[in-house]
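Asker: Below are the structure tokens for one structure; questions will follow.
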């Protein structure tokens, strides 16, 4: 299938020929500028009345490519499962939580063992806040600490 394009007028060809050297100079000075920034420069600095689509077409037709934005991807492999420890103290997890109390906000850091699922320790940086935590002793019962 052949794509039919409208033929541009001679006046448009002449005005394109006048704008093209300016665009070429801009692309040499600023190779990472895209069509939006080139259009903004032409419109606001050079005071030319030109359409963004026309700037885009001229850049595309005259091989002034700009590498598009590449979205950063996670470095970890999401399809891999979490590690499964086979004995205690092999894998620990850390959780940081912002907790509200009657005296204000506190940041609470909790360390737990992935095998036994027990809390190994907790830390709160604000000494003026009395934060009551639950600690499990050897029998598995919970006791409150301040």
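Numbering (the working numbering), first residue to last: 3 to 148. Where a beta carbon is used, it is the ideal one built from N, C-alpha and C, also for glycine.
Kindly indicate which residue of 81, 59 and 103 has the alpha-carbon position closest to the one of residue 37.
Answerer: Nearest C-alpha to residue 37: 59.
Asker: With contact counted as at least three CB pairs below 8 Å, one residue from each stretch, are the segment 73–91 and the segment 99–110 in contact?
Answerer: With a cut-off of 8 Å, the segment 99–110 and the segment 73–91 do not count as touching, because too few Cβ pairs lie within range.
Asker: Quick one: using the 10 Å Cβ neighbour count with 16 as the cut-off for buried, is residue 61 buried or exposed?
Answerer: Burial call: buried.
Asker: Report the CB separation of residue 52 from residue 35 in whole angstroms; it is logged as a contact under 8 Å.
Answerer: No, residue 52 and residue 35 are not in contact; Cβ-Cβ is about 15 Å, not under 8 Å.
Asker: Secondary structure at residue 121, three-state DSSP: helix, strand or coil?
Answerer: It is a strand residue.
Asker: Assuming residue 94 and residue 115 form a contact by the criterion Cβ under 8 Å, report the distance between their Cβ atoms to the nearest whole angstrom.
Answerer: That belief holds up - the Cβ atoms of residue 94 and residue 115 are roughly 6 Å apart, short of 8 Å.
Asker: For residue 113 versus residue 106, is the C-beta spacing smaller than 9 Å?
Answerer: In this structure, residue 106 does not lie closer than 9 Å to residue 113 by Cβ.
Asker: Taking only runs of the alpha helix (DSSP H) that begin and end inside the segment 28–81, which ones reach a length of at least 4 residues, in chain order?
Answerer: Entirely contained in the segment 28–81, the alpha helix (DSSP H) runs reaching 4 residues are, in chain order, 37–42 and 54–63.
Asker: Could you tell me the distance, in whole angstroms, from the CA atom of residue 8 to the CA atom of residue 67?
Answerer: Rounded to whole angstroms, residue 8 to residue 67 spans 24 Å at the Cα level.
Asker: In whole angstroms, what is the alpha-carbon distance linking residue 11 and residue 57?
Answerer: Cα-Cα distance, rounded: 17 Å.
Asker: Have a look at residue 72 and residue 30 and give me their C-alpha separation to the nearest angstrom.
Answerer: Straight-line Cα distance between these residues: approximately 23 Å.
Asker: In chain order, what residues of the same chain lie with their CB nearer than 8 Å to the CB of residue 43, ignoring the 5 residues before and after it?
Answerer: Contacts found: 28 and 35.
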